[in-house]
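Student:
In my numbering, the protein residues as written are 4 to 103.
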């Protein structure tokens, strides 16, 4: 068997330009799916309301309120009376607590 470096000009298969373009689109689409941020239901699982966030952090509601008002935990206001908290932000708060 010849070394691979000598076989670089061997044709494995032929593609039309259209087939090549379709193959590229398919490969790019798959890669985008792999690196895209979570959407829909997955994203909703990583958002908590006030009560869920306090429970996730294992703190009382008054303590969670103080943390939020002091700016240690940031929320996203989604309506006049509703604030959601991301799991990423809550995890960062927990990580900071462990480091200090």
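Glycine residues also receive a C-beta, built at the ideal position from the N, C-alpha and C atoms.
Using beta-carbon positions only, say whether residue 57 and residue 63 come within less than 8 Å of one another.
Tutor: Working through the chain shown from its first residue, we reach residue 57 at position 54. Working through the chain shown from its first residue, we reach residue 63 at position 60. Going by C-beta atoms, residue 57 is nearer than 8 Å to residue 63.
Student: For residue 97 and residue 60, I'd like the C-alpha separation in whole angstroms.
Tutor: Your numbering for residue 97 matches position 94 in the chain shown. Your numbering for residue 60 matches position 57 in the chain shown. Looking at the two C-alpha atoms, the distance is approximately 8 Å.
Student: Does the distance from the CB of residue 78 to the CB of residue 86 come in under 8 Å?
Tutor: As a first step, residue 78 is located in the chain shown; it is residue number 75 there, counting from the start. As a first step, residue 86 is located in the chain shown; it is residue number 83 there, counting from the start. Yes, Cβ-Cβ distance for residue 78 and residue 86 is below 8 Å.
Student: Should residue 26 be labelled buried (16 or more other beta-carbon atoms within 10 Å of its own) or exposed?
Tutor: Taking the first residue of the chain shown as position 1, residue 26 is located at position 23. Burial call: exposed.
Student: Drop a sphere of 10 angstroms on the beta-carbon of residue 51, count the other beta-carbons inside from all chains shown, and report buried for 16 or more, exposed for fewer.
Tutor: Position 48 of the chain shown holds residue 51. That one is buried.
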